[in-house]
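> I have a structure I would like to understand better, so I am pasting it below and will then ask my questions one at a time.
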Amino acid sequence: MKLWQAAMRSASRPVPARTEQRLSLADIAAAIDAAGPAMQTSMSTIRDEKVLTTSFDAYKGNSIVYALIAARLQVFSQARFQWTRFTGGKPGDLFGSPELDLLENPWPGGTTADLLAAMEVDVSAAGNAYIWRNGGRLHRLRPECVTMVIGSQFDADIPSEAPDATLVNYVYQRPGGAPLVLDPSEVAHYAPMPDPKSVFLGMSWITPAIEDVGADNASTIHKRAFFQNAATPNLAFKFDPSVTIEQIEGFRDVIESGHTGAWNAYKTLYLGGGADPVVIGKDFRELEFSVTQGKGESRLAAAAGVPPSWVGFSEGLQGSALNAGNFTAARRRFGDGTMRHLWQSACSALEQILAKPGGASLWYSDRIAFFAEDAKDAADIQMQEASTITALVRDGFTPESAINAVDNSDWSLLEHTGMLSVQLQEPGAEQGDSGGAGEEPVGGEGQPPAGTDNP
Numbered sequence: 022m023k024l025w026q027a028a029m030r031s032a033s034r035p036v037p038a039r040t041e042q043r044l045s046l047a048d049i050a051a052a053i054d055a056a057g058p059a060m061q062t063s064m065s066t067i068r069d070e071k072v073l074t075t076s077f078d079a080y081k082g083n084s085i086v087y088a089l090i091a092a093r094l095q096v097f098s099q100a101r102f103q104w105t106r107f108t109g110g111k112p113g114d115l116f117g118s119p120e121l122d123l124l125e126n127p128w129p130g131g132t133t134a135d136l137l138a139a140m141e142v143d144v145s146a147a148g149n150a151y152i153w154r155n156g157g158r159l160h161r162l163r164p165e166c167v168t169m170v171i172g173s174q175f176d177a178d179i180p181s182e183a184p185d186a187t188l189v190n191y192v193y194q195r196p197g198g199a200p201l202v203l204d205p206s207e208v209a210h211y212a213p214m215p216d217p218k219s220v221f222l223g224m225s226w227i228t229p230a231i232e233d234v235g236a237d238n239a240s241t242i243h244k245r246a247f248f249q250n251a252a253t254p255n256l257a258f259k260f261d262p263s264v265t266i267e268q269i270e271g272f273r274d275v276i277e278s279g280h281t282g283a284w285n286a287y288k289t290l291y292l293g294g295g296a297d298p299v300v301i302g303k304d305f306r307e308l309e310f311s312v313t314q315g316k317g318e319s320r321l322a323a324a325a326g327v328p329p330s331w332v333g334f335s336e337g338l339q340g341s342a343l344n345a346g347n348f349t350a351a352r353r354r355f356g357d358g359t360m361r362h363l364w365q366s367a368c369s370a371l372e373q374i375l376a377k378p379g380g381a382s383l384w385y386s387d388r389i390a391f392f393a394e395d396a397k398d399a400a401d402i403q404m405q406e407a408s409t410i411t412a413l414v415r416d417g418f419t420p421e422s423a424i425n426a427v428d429n430s431d432w433s434l435l436e437h438t439g440m441l442s443v444q445l446q447e448p449g450a451e452q453g454d455s456g457g458a459g460e461e462p463v464g465g466e467g468q469p470p471a472g473t474d475n476p
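Number 476 marks the last residue of the sequence shown (our numbering); no jumps.
In structure tokens, the structure reads:
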């Protein structure tokens with residue numbers, strides 16, 4: 022029996038419940054022997070094997086990629102999780118519960134920051150992060166060891182391409198180990214950037230930038246070769262036709278032994294008759310090496326969603342990029358764009374393995390150091406909103422409707438009391454009236470009002 026047939030053995034619609042989808046080890050073994058259309062691995066190797074084997078190699082072997090992942094990780098791991106209830110599409114007050122202890126202490130000695138750091142490294146390197154809930158503990162599953170089992174009621178040959186493609190199980194199998202079959206309800210699958218060619222899978226930001234990673238590696242090799250070869254441009258030697266091959270080879274050995282390598286830089290070169298050195302190639306200045314390498318750094322930073330100035334790349338440290346306003350704008354783009362998207366995606370993934378309070382959703386608290394500079398701006402906005410609400414109430418609108426209108430940026434929510442001016446008088450009332458019309462002023466007929474001087 023094929024895997025997708027075993028997984029989707031019920032012919033009725035809708036898709037069978039998760040308890041019916043769990044596969045036994047026998048099912049897994051039979052599926053591996055049968056075929057693989059329903060088995061979808063979590064990682065794919067880079068096509069150009071001469072550059073890198075996987076994105077993990079880029080993380081461990083390229084300083085630019087490492088710096089970008091570290092920048093994302095340092096901010097991403099600051100968030101803390103809480104519950105909230107959405108009202109009108111906006112999160113309400115945050116509150117906790119004992120269930121969140123699992124995220125605050127995911128494993129012995131671990132913290133929320135450790136959990137988020139592991140998720141960020143896996144997502145950047147592999148496009149997918151898998152967190153398995155095993156009772157009261159969480160475990161990180163290595164992405165390269167995770168396989169997704171896909172089922173379909175319409176397409177038994179290639180279920181991953183069927184319109185009703187359904188995630189049946191996760192299979193974790195490390196090299197040489199027995200497969201561990203896990204239900205989707207046990208695994209938090211964090212994949213913030215979808216892979217357009219693979220259902221349910223995410224894609225690493227390194228994947229579309231892999232050529233830039235290779236170019237940066239090549240530039241590093243070029244720099245090393247430049248210094249290994251006396252930190253000067255390449256030399257070519259022309260010889261008189263009368264010089265024999267044996268003499269040329271002997272001359273080559275002498276030159277390379279005494280003038281190759283950075284430690285031999287700037288030595289005086291002594292040549293015998295018949296040898297004429299010719300400079301070929303260009304030095305770093307002629308190549309504008311820093312400009313070339315800086316462009317590559319900026320392209321990688323764009324793929325990672327990190328402003329170059331935030332990481333300290335060369336192009337981000339020039340011109341107006343470091344002006345206070347521009348640097349603040351870059352930080353906000355990083356926080357409001359990249360980080361908030363990642364946090365929301367992480368909340369959606371981790372929520373799957375938690376017991377939720379009624380009507381609540383997992384959310385994050387952004388009261389962190391990264392957003393500390395935004396507190397003043399938030400206070401200024403609140404002051405402007407308070408002034409607007411005060412003005413509306415003074416003009417006769419109900420306090421409740423004024424608050425709702427400002428909070429939702431919808432003036433149609435305003436409701437008027439029918440009262441006018443600061444004193445909220447009835448329409449047509451004269452200023453200074455103390456009661457009903459026709460009442461005599463205090464002090465009696467013909468007497469001035471109390472509190473006034475006699476003429």
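Cβ atoms here follow ideal geometry from the backbone N, Cα and C, with glycine treated the same way.
All of these numbers come straight from a predicted model, not from anything done at the bench.
Suppose you measure from the CA of K81 to the CA of T187; what does that come to, to the nearest Å?
34 angstroms
> Could you tell me the distance, in whole angstroms, from the CA atom of A150 to the CA atom of A324?
19 angstroms
> Say whether the stretch 204-212 touches the stretch 367-374, bearing in mind that this needs 3 or more beta-carbon pairs closer than 8 angstroms, one atom from each stretch.
yes
> Applying the criterion that 16 or more other CB atoms from any shown protein chain within 10 Å of the CB defines a buried residue, is G130 buried or exposed?
exposed
> By DSSP, does M360 sit in helix, in strand, or in coil?
helix
> Which runs of the beta strand (DSSP E), 3 residues or longer, sit entirely within the stretch 159-210?
167-172, 187-193 and 201-203
> Give me, in chain order, the residues of the same chain whose beta-carbon lies closer than 6 angstroms to that of R106; leave out the 5 immediate sequence neighbours on both sides.
G113, G380 and A381
> If the criterion is Cβ atoms closer than 8 angstroms, does the pair S386 and L136 meet it?
no
> With H, G and I counted as helix, E and B as strand and the rest as coil, what does DSSP make of Q103?
Q103: strand per DSSP, three-state reduction.
> How close, in whole Å, do the beta carbons of L383 and W104 come, if the pair is a contact with beta carbons under 8 angstroms?
6 angstroms
> Spatial neighbours of E406 within its chain, please: CB distance less than 7 angstroms, with the 5 preceding and 5 following residues excluded, ordered by chain position.
Contacts found: V427.
> Tell me whether W128 sits in a helix, a strand or coil according to DSSP, three-state version.
coil
> Given 8 angstroms as the limit, is there contact between the stretch 357-365 and the stretch 88-100, that is, 3 or more CB pairs closer than that?
Inter-segment contact for the stretch 357-365 and the stretch 88-100 is present: three or more beta-carbon pairs are separated by less than 8 angstroms.
> Would you tell me roughly how many angstroms separate the C-alpha atoms of I530 and A239, rounded to the nearest one?
Since the first residue of the chain shown is 22 and the last is 476, residue 530 is not available in this structure.
> Within its chain, find whatever has a CB closer than 7 angstroms to the CB of Y287; leave out the 5 residues flanking it on each side and keep chain order.
With a pLDDT of only 49 at Y287, under the threshold of 50, the placement of this residue in the model should not be trusted, and no figure is reported.
> What is the DSSP secondary structure of T438, counted as helix, strand or coil?
coil
> What is the rounded straight-line gap between the Cα of V86 and the Cα of P164?
19 angstroms
> In angstroms with no decimal places, state the Cα-to-Cα distance between P200 and A146.
23 angstroms
> Do C166 and Y191 come within 8 angstroms of each other at the CB atom, strictly closer than that value?
In this structure, Y191 sits away from C166, with a CB-CB distance that is not shorter than 8 angstroms.
> Which one of G156, G333 and I90 has the shortest CA to CA distance from V142?
I90
> For the alpha helix (DSSP H) that contains A147, what are its first and last residues?
T133 to A147
> When you compare only the Cα positions, how much space is there between R415 and G109?
28 angstroms
> In whole angstroms, what separates the C-alpha of V234 from that of D178?
37 angstroms
> Looking only at C-alpha atoms, which of L159, I424 and L435 sits nearest to T133?
When each option's Cα is compared against that of T133, the closest is L159.
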